[in-house]
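Residue numbers (our numbering): 140 to 464.
For every residue, glycine included, the Cβ atom is placed at its ideal position computed from N, Cα and C.
Owing to the predicted nature of the structure, the values given are computational and were not obtained by experimental measurement.
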């Protein structure tokens, strides 16, 4: 049986392997990852699922066991071409080694290219700074393990190696990465701390928004009031899960939308009694949300890493107004 015909313009190379004795009985995807150290198991599984792997002349599943002497043929595609160009965009890097990089993202910086935008993103800056980035997330998202919204500032971890990417992705899925955000919200949450446990999914009619919906994915956020003002408050939020817009949606759901949030807050500044406070909230140019703390186990060394980022100047200035100073 021949391999599936490659799509037009798809450049690939055919490679052939014979299963050695030490890999007797292993799964096909594990075997491939062992035969070529440049392939992760997820990469091998992707090739199998894409119909680019034959086991003894036939397509097989990733879990298929292999036997000594089995012939594996792989039609490996060349890395996809990309028009992304490295750009000398300043980065505030807090930590870096051969496997990971931790940075403090400024507001108004898009994480990765999307339709109609191929420049001016964090990825472009990373390509200029790093000679190596993990390719697991695809050609347009090298090194990106998790994301922050464009107008959310603060701490992010980037994977430089594939082994780091796989381990970090697993840590995020297992909720082993600790993230704490600081936000200025409307109203003064009572009680002073609580748990928001409400599923999040696409808004039923406004598809660009997320919402608390019965059929959404489970989502859980812990919050604590750090300081109260007149009609607003500074809160810390710890997302246990990692849903799109989670903190923004959850805080709006309990009636305390984040100041400056164009999607979920509306014109709540109108309800503030102090004119100066209302003016400051009305003119704030983004959601007042900052990724303040980030903690994780280093995916290679096993070291516990903890990082903290102070409030950026714009949120600090907003708080100064709300304090009346």
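Look at the Cβ atom of residue i, then the Cβ atom of residue j, and state whether they are nearer than 9 Å.
i	j	result
residue 211	residue 156	yes
residue 259	residue 204	no
residue 335	residue 369	no
residue 338	residue 352	yes
residue 280	residue 249	no
residue 428	residue 397	yes
residue 240	residue 200	no
residue 317	residue 377	yes
residue 327	residue 364	yes
residue 348	residue 402	yes
residue 325	residue 414	no
residue 263	residue 252	yes
residue 232	residue 185	no
residue 423	residue 394	no
residue 456	residue 449	no
residue 175	residue 195	no
Could you tell me which residues DSSP puts in a beta bridge with residue i?
i	result
residue 214	153
residue 324	372 and 397
residue 292	429
residue 298	239
residue 200	Bridge partners of residue 200: none, in fact.
residue 362	333 and 376
residue 283	297
residue 317	434
residue 232	242
residue 367	372
residue 166	204
Assuming residue i and residue j are in contact, meaning their beta carbons sit under 8 Å apart, how far apart are those beta carbons, in whole angstroms?
i	j	result
residue 287	residue 243	About 11 Å; that fails the 8 Å criterion.
residue 282	residue 265	6 Å
residue 445	residue 291	Wrong, their Cβ atoms sit about 20 Å apart, outside the cutoff.
residue 437	residue 319	With 8 Å as the limit, residue 437 and residue 319 do not qualify as a contact, their Cβ atoms being about 19 Å apart.
residue 187	residue 162	Actually they are not in contact, since the Cβ atoms of residue 187 and residue 162 sit about 15 Å apart, beyond 8 Å.
residue 183	residue 172	5 Å
Using alpha carbons as the reference points, say which of the options lies closest to residue i.
i	options	result
residue 207	397, 169, 159 and 337	159
residue 453	335, 321, 224 and 182	321
residue 409	436, 201, 437 and 421	421
residue 381	166, 395, 354 and 284	284
residue 274	247, 366, 302 and 332	302
residue 461	367, 432 and 436	367
residue 384	257, 341 and 434	341
residue 261	237, 235, 236 and 223	223
residue 181	331, 305 and 389	305
residue 441	214, 230 and 238	238
residue 153	406, 312 and 214	214
residue 332	357, 313 and 362	362
residue 247	463, 439 and 451	451
residue 230	434, 297, 433 and 458	297
residue 313	171, 379 and 192	379
residue 234	433, 455, 456 and 463	433
residue 439	194, 197, 310 and 178	310
Where does residue i sit, in a helix, a strand or coil, going by DSSP?
i	result
residue 352	coil
residue 179	coil
residue 311	helix
residue 337	coil
residue 192	strand
residue 347	coil
residue 261	helix
residue 141	Because residue 141 carries a pLDDT of 43, less than 50, the predicted location of this residue cannot be relied on, and the following value inherits that uncertainty. Coil.
residue 443	strand
residue 161	helix
residue 271	coil
residue 406	coil
residue 278	coil
residue 384	coil
residue 453	helix
residue 459	helix
residue 303	helix
residue 342	coil
residue 414	helix
residue 172	helix
residue 419	helix
residue 227	coil
Quick one: is residue i near chain C, going by C-beta distance under 9 Å?
i	result
residue 198	Protein chains in the displayed structure number just one, and chain C is not present.
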